[in-house]
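Taking my numbering, I'd label the letters of the sequence shown as residues 232 to 676. Structure record follows, encoded as structure tokens.
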Amino acid sequence: MAAFLSFLWPGLGQWYVGRPRTAALFALPVLGIGALLVAQLMGGPGQLAAMLITPSSAQTILILIVLLGAWRLLAIADSMSGGGTGRALRRPASLATLGILGLLVIASHGAVGYTAWAFYDASSRMFVGETSPDATPPASLVPGRTASPEEEYFASPIATPETAQSRINILVTGIDSAETRTTALTDTLLIASVDPTTGGVALISFPRDISSFPLYDGRTFEGKINSFMTWARTHPKEFPDGPLTSLVKEMGFLLGAPIHYYAAIDLAGFRRMINLVDGVTIDNPRAINDPRYDWLDGQRGFSLSAGEHHLDGRTALAYVRSRQGLGDSDFARARRQQQVLLALRTKLTGADMIARLPSLLDAAGDTVRTNFPSERVGEMIDLAREIDTEAVTQVVLGPSKYAFHPPNSQTGGIYTLRLKMDRLAELSVRIFGEDSRYASGEPAE
Numbered sequence: 232m233a234a235f236l237s238f239l240w241p242g243l244g245q246w247y248v249g250r251p252r253t254a255a256l257f258a259l260p261v262l263g264i265g266a267l268l269v270a271q272l273m274g275g276p277g278q279l280a281a282m283l284i285t286p287s288s289a290q291t292i293l294i295l296i297v298l299l300g301a302w303r304l305l306a307i308a309d310s311m312s313g314g315g316t317g318r319a320l321r322r323p324a325s326l327a328t329l330g331i332l333g334l335l336v337i338a339s340h341g342a343v344g345y346t347a348w349a350f351y352d353a354s355s356r357m358f359v360g361e362t363s364p365d366a367t368p369p370a371s372l373v374p375g376r377t378a379s380p381e382e383e384y385f386a387s388p389i390a391t392p393e394t395a396q397s398r399i400n401i402l403v404t405g406i407d408s409a410e411t412r413t414t415a416l417t418d419t420l421l422i423a424s425v426d427p428t429t430g431g432v433a434l435i436s437f438p439r440d441i442s443s444f445p446l447y448d449g450r451t452f453e454g455k456i457n458s459f460m461t462w463a464r465t466h467p468k469e470f471p472d473g474p475l476t477s478l479v480k481e482m483g484f485l486l487g488a489p490i491h492y493y494a495a496i497d498l499a500g501f502r503r504m505i506n507l508v509d510g511v512t513i514d515n516p517r518a519i520n521d522p523r524y525d526w527l528d529g530q531r532g533f534s535l536s537a538g539e540h541h542l543d544g545r546t547a548l549a550y551v552r553s554r555q556g557l558g559d560s561d562f563a564r565a566r567r568q569q570q571v572l573l574a575l576r577t578k579l580t581g582a583d584m585i586a587r588l589p590s591l592l593d594a595a596g597d598t599v600r601t602n603f604p605s606e607r608v609g610e611m612i613d614l615a616r617e618i619d620t621e622a623v624t625q626v627v628l629g630p631s632k633y634a635f636h637p638p639n640s641q642t643g644g645i646y647t648l649r650l651k652m653d654r655l656a657e658l659s660v661r662i663f664g665e666d667s668r669y670a671s672g673e674p675a676e
């Protein structure tokens, strides 16, 4: 009985056999850990997730789980020996009991430890922006060296929010790096702006065909915006900050508000995450019939009727990539990307996702790279649970309101878009207010 009680809570077995001091010795450390856990739970799921998603905290928790397991095993063995020489432990029945209880402790702590390890492993892969001052700089910033895809994800924030209540602007890029492609395409350029005070959210998509736009250094970039990172990568003298940092600076310049952080999402991992949450439900506003859509597995053609659909990962990826159907466009695709991201957010914040955390975290670790501060993740999780999807401001900077297609005689027959900078300036002031550079009367070039 004493061993079983100490299995339930270290120290109970010692108290049962009349050893109160030893009972207190075993019980108090566990009580301290329990009090800390209760405090985190009272702060809401966001606070607990924030503690787990921070790499250093997750590592500390993993160590505590191992030490607590060892402490429980020691308490069980001590309660069986009665504090004596351990002669009782040599009895076959006692050894069998100790073995069974020990296996249960190891199994339970192994399961909890695996979840903690999943948080640590995923967060270590996702949060790539926090580097030490003496760390080796990315190759993109070293003359004569070319950055690897992983090194390009290291981009320091151009600006950080002034206070914890200030609006946060995040550049979300979709990286299509399928095995059948020779280059990684940044065909999704979306800015998510979150106001922690009001809970307001704005999603602003830049179509990939935007070209001939002003640069933050006074020049004009004649190519398409989805090729800007590649150009910056191959012209390091013109863009010494590196491709990703240059893209972040440029998007903030065009929008008129500083981009604080970025999140790069690999589309293959995006498909996996949707499968792990058993798909997402969307309402397709109009029928899609794209005979040229490439599934990248030898098949071509994608169609989807108008109305509500529950999409698996493969179909959801087609839904956000297709753009060549009759009456379809890159602008419709951008709206669908925003729609699916909001649908995925709804699924991820559901209580039934707790049991799938390890696999979801592993997928997230393969899918997302960001320099967003991990210590603010909990705040964003709590905010995401409260967001009314219908109240999210969704904007695509397409024609005819925010962009126009110049005559073919000027583009050589290539389909491109030019931003209406005056309209973009009006949008910037409407969303960001005095924080917009256009609010001070700065010209929209």
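Every residue gets a Cβ at the ideal spot worked out from N, C-alpha and C, and that includes glycine. As the structure is a computational prediction, the values presented were derived from the model and not from experiment.
For D613, the enclosing alpha helix (DSSP H) has its first and last residue at 608-617. Annotation for E453: no alpha helix (DSSP H) segment contains it, though the beta strand (DSSP E) segment containing it runs 451-455. In the DSSP assignment, the residues bridged to T624 are A433. Excluding sequence positions up to five before and after Y247, its CB lies within less than 6 Å of the CB of A233, L236, all in the same chain and listed in chain order.
Taking C-beta atoms as the reference points, R600 and G487 fail to come closer than 7 Å. In the three-state scheme derived from DSSP, where H, G and I count as helix and E and B as strand, Y550 is classed as helix.
Counting along the chain, the unbroken beta strand (DSSP E) around N515 starts and ends at 511-515. The residue from E657, Y493, A634, Q641 with its alpha-carbon nearest to that of K651 is A634. Residue pairing of I496 in beta bridges, as defined by DSSP: G405, V599. Rounded to whole angstroms, A670 and K480 show a C-alpha spacing of 19 Å. Residue Y493 holds the alpha-carbon nearest to the alpha-carbon of L402 among Y493, F238, Q271, V269.
About 23 Å separates the CB atoms of L614 and A349; that is not less than 8 Å, and the two are not in contact.
Among the bridge pairs identified by DSSP, A634 is matched with L650.
In the three-state scheme derived from DSSP, where H, G and I count as helix and E and B as strand, V425 is classed as strand. DSSP places D543 in no beta strand (DSSP E); its state is neither H nor E. In this chain, the beta strand (DSSP E) harbouring Y524 covers 519-525. In the DSSP assignment, G483 falls outside any beta strand (DSSP E) and within the unbroken alpha helix (DSSP H) covering 474-486. A565 sits close to V627, with the two beta carbons spaced by under 7 Å.
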